[in-house]
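2 protein chains.
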Amino acid sequence: MSAGACRAERNEVTFLTERHDRSISESGPMSNIAYFPKPHIDQRPGKRERTKTANRQAILDAAREVFGELGYDAATVRDIIRRTGLASGTFYNYYKSKEEVFEALADDGARRFRPLLRAESEKAVDFPSFLRGAMLAYFDFLAKEQESWRIDRPSSEPIPHARSSPELAAVFDEVREAFARVLAHDNAPPVDLDYLTSACIAIARELGDKMLERRPVDTAGAADFAVRLILGGVPALPKL
Amino acid sequence: MSAGACRAERNEVTFLTERHDRSISESGPMSNIAYFPKPHIDQRPGKRERTKTANRQAILDAAREVFGELGYDAATVRDIIRRTGLASGTFYNYYKSKEEVFEALADDGARRFRPLLRAESEKAVDFPSFLRGAMLAYFDFLAKEQESWRIDRPSSEPIPHARSSPELAAVFDEVREAFARVLAHDNAPPVDLDYLTSACIAIARELGDKMLERRPVDTAGAADFAVRLILGGVPALPKL
DNA sequence: GGGAAGAAGGACGCGGCGTCACCTTCCGCC
DNA sequence: GGCGGAAGGTGACGCCGCGTCCTTCTTCCC
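Quick note, the sequences are listed as chains G and Y, same order.
Going by numbering that gives the first Met the number 0, the first residue of the first sequence is number 0, and it counts up by one from there.
Going by numbering that gives the first Met the number 0, the first residue of the second sequence is number 0, and it counts up by one from there.
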């Protein structure tokens, strides 16, 4: 019973589901058509590989929940471990620390956002259209994120913004390069791109947070505000 | 020797300095003019009170150093305690946690900055002059802070910005109210003040950080950039 | 089917955490 | 001046989270 209760608290941990999957597929009605003991056609990576991926994901999911519920500071590695049902040693096979999990989580977000940013960058030709598209894309993304991983958690600690991670730096660079491209296309005089990019991202972050606190969440309104501010300001910037 | 070495590591802890001060003032050449055993003229608060103030300050100073050297995340309450030379129990008479010390530190900074902000607010009549004055004041303040408490600490972890503290909120409000006042004076159409304040503070913070990374540190340049961006953008903002 | 490689497991020692019973110091009062 | 009570400093203690490391089990490959 106690073991059962313990199991019940777990997330779906691969080790268990895998076993279950296997017993189904091996005894299932279709097992005769996948006849070969180890067919070359089977593109799925080995079980080792799958468990690793799944454990990584389980840890990330658990961490998301824990950070969401307790806040970043209050959360402990043990909280995350407990939530996954894995052993503590196993956790450390994947991540070195709470910080590393958090960074992985931030990376994950950034990695999912980058294609959207890229799409805006390719779609837009001039600075205004890019800025508008990117800003709205970010605010929509933010609202969606918040919605998806904060379900039914009304009052919780705010999660800090990640300061630096590879993917985050990549987003910064991507914005910067897109700015350079569209500004050149507009024949705009050269400005301090680092400062401009920083300022825009700062506005996006801060306004994004404020936007999420308002009801109803108005992504278009926030984007409009940010875009007008920046578009109005850029022509006045000191020329290099 | 070991006790002596231990003492040497301490900051100036009141308990000791007090004793020292007292022995000097009681045996010093002027002691005869402060004749009364317990003169009513002595405005200094009782020793209890002084020790408390000094201990608070010692903890704050130690914390500043420790956060500076180790970074906020890596720093522990024990590190701070060790640095002060106080007993662990004493620390908890003043602050409940590392977070609380950090907030007190942030509060301290905000408290010292507010008069400067207030001065700019009173000096300026229109939005441009206030914004320029406040932005430059902030960047100068930031540069000075950094200089004063990061002496000879070339490579250290970045200290996170405090998210929320009473004094910080007060600064936000003060900026907001000053904006309201000068914008009204300029007969500017009403805009979303919360968003505008957030955006300006976000720009100041982010640009401030970037500014500190550059050599030489150019507060005027950064302020000019920020001011132009915002001044150019404000007229384009959506009207309420 | 057997052995090597690799992952999961979890007990362990370490150190930071916050508390509490004790003791010193200070202050007000006679 | 000295006494009593209170404020507040002290540090040992129990607790718990941390990261490690050796053991055990699973998977892979021959």
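Every residue, glycine too, gets a C-beta built ideally from N, C-alpha and C.
Note that the structure is a prediction, hence the values are computed from the model and not measured.
Among the options, which one has its Cα closest to the Cα of residue i?
{"i": "residue 94(Y)", "options": "172(Y), 62(Y), 166(Y), 115(Y)", "result": "62(Y)"}
{"i": "residue 70(G)", "options": "188(G), 156(G), 226(G)", "result": "156(G)"}
{"i": "residue 133(Y)", "options": "225(Y), 236(Y), 215(Y), 188(Y)", "result": "225(Y)"}
{"i": "residue 60(G)", "options": "45(G), 100(G), 91(G), 201(G)", "result": "100(G)"}
{"i": "residue 108(G)", "options": "85(G), 87(G), 160(G)", "result": "160(G)"}
{"i": "residue 178(Y)", "options": "130(Y), 57(Y), 231(Y), 141(Y)", "result": "130(Y)"}
{"i": "residue 237(G)", "options": "223(Y), 170(Y), 84(Y)", "result": "223(Y)"}
{"i": "residue 206(Y)", "options": "147(Y), 135(Y), 84(Y)", "result": "135(Y)"}
{"i": "residue 198(Y)", "options": "209(G), 219(G), 139(G), 214(G)", "result": "209(G)"}
{"i": "residue 217(Y)", "options": "141(Y), 104(Y), 112(Y)", "result": "141(Y)"}
{"i": "residue 104(G)", "options": "57(G), 73(G), 46(G)", "result": "57(G)"}
{"i": "residue 146(G)", "options": "122(G), 188(G), 215(G)", "result": "215(G)"}
{"i": "residue 227(Y)", "options": "194(Y), 118(Y), 211(Y), 128(Y)", "result": "128(Y)"}
{"i": "residue 213(Y)", "options": "194(G), 78(G), 230(G)", "result": "194(G)"}
With DSSP run on the structure shown, which of helix, strand or coil describes residue i?
{"i": "residue 158(Y)", "result": "coil"}
{"i": "residue 186(Y)", "result": "coil"}
{"i": "residue 96(G)", "result": "coil"}
{"i": "residue 60(G)", "result": "helix"}
{"i": "residue 84(G)", "result": "coil"}
{"i": "residue 53(G)", "result": "helix"}
{"i": "residue 163(G)", "result": "coil"}
{"i": "residue 91(Y)", "result": "helix"}
{"i": "residue 211(Y)", "result": "helix"}
{"i": "residue 122(G)", "result": "helix"}
{"i": "residue 73(G)", "result": "coil"}
{"i": "residue 238(G)", "result": "coil"}
{"i": "residue 132(Y)", "result": "helix"}
{"i": "residue 44(G)", "result": "coil"}
{"i": "residue 216(Y)", "result": "coil"}
{"i": "residue 191(G)", "result": "coil"}
{"i": "residue 177(Y)", "result": "helix"}
Looking only at its own chain, which residues have a Cβ that is under 6 Å from the Cβ of residue i, when we skip the five neighbours before and after it?
{"i": "residue 144(G)", "result": "none"}
{"i": "residue 137(Y)", "result": "203"}
{"i": "residue 166(G)", "result": "106, 109, 110"}
{"i": "residue 185(Y)", "result": "125, 126"}
{"i": "residue 55(G)", "result": "93"}
{"i": "residue 80(Y)", "result": "87, 90"}
{"i": "residue 219(Y)", "result": "none"}
{"i": "residue 76(Y)", "result": "97"}
{"i": "residue 221(Y)", "result": "138, 206, 210"}
{"i": "residue 52(G)", "result": "none"}
{"i": "residue 78(G)", "result": "65"}
Counting C-beta neighbours from all protein chains within 10 Å, is the total for residue i 16 or more, i.e. buried, or is it exposed?
{"i": "residue 29(G)", "result": "Residue placement at residue 29(G) is poorly supported in this model, since its pLDDT is 35, which falls under 50; the coordinates are not used for a value here."}
{"i": "residue 239(Y)", "result": "exposed"}
{"i": "residue 48(G)", "result": "exposed"}
{"i": "residue 241(G)", "result": "For residue 241(G) there is no data in the structure shown, the boundaries of chain G being 0 and 239."}
{"i": "residue 102(G)", "result": "buried"}
{"i": "residue 45(Y)", "result": "exposed"}
{"i": "residue 73(G)", "result": "exposed"}
{"i": "residue 123(Y)", "result": "buried"}
Note down, in chain order, each residue of its chain lying with its Cβ closer than 8 Å to the Cβ of residue i, except the 5 sequence neighbours on either side.
{"i": "residue 158(G)", "result": "66, 67, 70, 71"}
{"i": "residue 180(G)", "result": "120"}
{"i": "residue 190(Y)", "result": "182, 233, 236, 237, 238, 239"}
{"i": "residue 169(G)", "result": "109, 113"}
{"i": "residue 85(Y)", "result": "12, 54, 57, 58"}
{"i": "residue 117(Y)", "result": "173"}
{"i": "residue 230(Y)", "result": "126, 127, 130"}
Among the residues of its own chain, which have a CB less than 7 Å from the CB of residue i, if the five just before and after it don't count?
{"i": "residue 175(G)", "result": "192, 196"}
{"i": "residue 64(G)", "result": "82"}
{"i": "residue 200(Y)", "result": "171, 174"}
{"i": "residue 148(G)", "result": "63, 67"}
{"i": "residue 188(Y)", "result": "238"}
{"i": "residue 115(G)", "result": "136, 140"}
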